[in-house]
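Right, one structure below, let's go through it.
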Amino acid sequence: GAGVSQTPSNKVTEKGKYVELRCDPISGHTALYWYRQSLGQGPEFLIYFQGTGAADDSGLPNDRFFAVRPEGSVSTLKIQRTERGDSAVYLCASSLYPDTEAFFGQGTRLTVV
Amino acid sequence: QKEVEQDPGPLSVPEGAIVSLNCTYSNSAFQYFMWYRQYSRKGPELLMYTYSSGNKEDGRFTAQVDKSSKYISLFIRDSQPSDSATYLCAMSAKDDKIIFGKGTRLHILP
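Sequences listed follow chains Z and S, in order. Residue numbering for the first sequence follows my numbering, starting at 1 and increasing by one per position. Residue numbering for the second sequence follows my numbering, starting at 1001 and increasing by one per position.
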């Protein structure tokens, strides 16, 4: 089927606002990953879901960041009280099972002004 | 020491040359090794995936893993200008998150 879909592709928000970023994984993929990528850097791990549960959320930078995957498919990354330092490209990937090939979406470019 | 080390480049080579990209890592638990290609303002695209030491070939691309040295490589034969991109190595332990290198910027000169 279709690849990993992320919406919106671009988001500009004001400092202090709340944002939600959505990821639609490849159909049937059980594992879902969120990463953040700054210019000139590799993707930085945020959180990893296996099914509905967060298997590892050790990369979330602070309690302003939260992610959910209530039905084991679509995931939403939520950022409260956004700061200018949150500006980055947020990438989502999915894989059929853990330890299998992971495929990325095109990312959401978040700009906090 | 970062878990995955990758020279950021840039690396410039003439068209048709063989390109060698590599990463080192420190975590001996890593079992799964990947190479991604990323064009500007695009998501990473999976090129190669392997879980054993040795070589794996796919077209012009060869991935090499040496677990004893904690060293992985990607070779690109007959390089083309369209291969100009950032190449990211990535790896994971069993049932664990995927860790990425910083990426190497590659320029193929026509």
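Just so it is clear, CB atoms sit at the ideal spot from N, CA and C, and this is done for glycine as well.
S:LEU1088 touches chain Z at which residues, Cβ-Cβ below 8 Å? Taking the first residue of the second sequence as position 1, residue 1088 of chain S is located at position 88. Using a Cβ-Cβ cut-off of 8 Å, S:LEU1088 is close to GLY42, PRO43 of chain Z, given in chain order.
With 16 other Cβ atoms within 10 Å as the buried cut-off, status of Z:SER27: Position 27 of the first sequence, counting from 1, holds the residue named residue 27 of chain Z. Answer is exposed; the Cβ neighbour count stays below 16.
Nearest chain S C-beta to Z:TYR97 closer than 7 Å, yes or no? Here residue 97 of chain Z corresponds to residue number 97 of the first sequence, with the count starting at 1. Residue contact with chain S for Z:TYR97: absent (no Cβ-Cβ distance below 7 Å to any residue of chain S).
The stretch 1017-1028 of chain S in contact with the stretch 1066-1076 of chain S per 3-pair CB rule at 8 Å: By the Cβ rule, the stretch 1017-1028 of chain S counts as touching the stretch 1066-1076 of chain S, because three or more pairs are nearer than 8 Å.
Let me know if S:GLN1080 comes out buried or exposed under the rule of 16 or more other beta-carbons within 10 Å of its beta-carbon. For the purposes of this step, residue 1080 of chain S is taken as residue 80 along the second sequence, with counting starting at 1. Counting Cβ neighbours within 10 Å, S:GLN1080 comes out exposed, since fewer than 16 surround it.
Starting from S:PHE994, find everything on chain Z with Cβ-Cβ shorter than 7 Å and list it in chain order. Only positions 1001 to 1110 of chain S appear in this structure, which leaves residue 994 of chain S out of reach.
What does the alpha-carbon distance come out to for the pair Z:GLY3 and Z:PHE65? Numbered from 1 along the first sequence, position 3 holds the residue referred to as residue 3 of chain Z. Numbered from 1 along the first sequence, position 65 holds the residue referred to as residue 65 of chain Z. Z:GLY3 and Z:PHE65 have their C-alpha atoms some 25 Å from each other.
Please confirm whether S:TYR1039 has its beta-carbon closer than 7 Å to some beta-carbon of chain Z. As a working note, residue 1039 of chain S is residue 39 in the second sequence. Contact of S:TYR1039 with chain Z is not assigned, every C-beta pair being separated by 7 Å or more.
Using C-beta distances below 6 Å, list every residue in its chain close to S:MET1034, excluding the 5 sequence neighbours before and after it, in chain order. Along the second sequence, read from residue 1 onward, the residue named residue 1034 of chain S stands at position 34. Only TYR1049, ALA1090 meet the Cβ criterion.
Would Z:GLY138 and Z:VAL89 qualify as a contact pair, given that the criterion is a beta-carbon distance under 7 Å? Any property of residue 138 of chain Z remains undetermined from this structure, which presents chain Z solely from 1 to 113.
Does the separation of the CB atoms of Z:PRO43 and Z:LEU91 fall below 7 Å? As a working mapping, residue 43 of chain Z is identified with position 43 in the first sequence. As a working mapping, residue 91 of chain Z is identified with position 91 in the first sequence. Going by C-beta atoms, Z:PRO43 is nearer than 7 Å to Z:LEU91.
In chain S, what lies closer than 9 Å to Z:LEU39 by C-beta? Translated into positions along the first sequence, residue 39 of chain Z becomes position 39. What Z:LEU39 touches in chain S: nothing, since even the nearest Cβ is about 10 Å away.
Segment limits, beta strand (DSSP E) that includes Z:PHE65: Position 65 of the first sequence, counted from the start, is the residue given in the question as residue 65 of chain Z. Run containing Z:PHE65: 65-68, per the beta strand (DSSP E) assignment.
What is the DSSP secondary structure of S:PRO1014, reduced to helix, strand or coil? Within the second sequence, residue 1014 of chain S is the residue found at index 14, counting from 1. Reduced to three states, the DSSP call for S:PRO1014 is strand.
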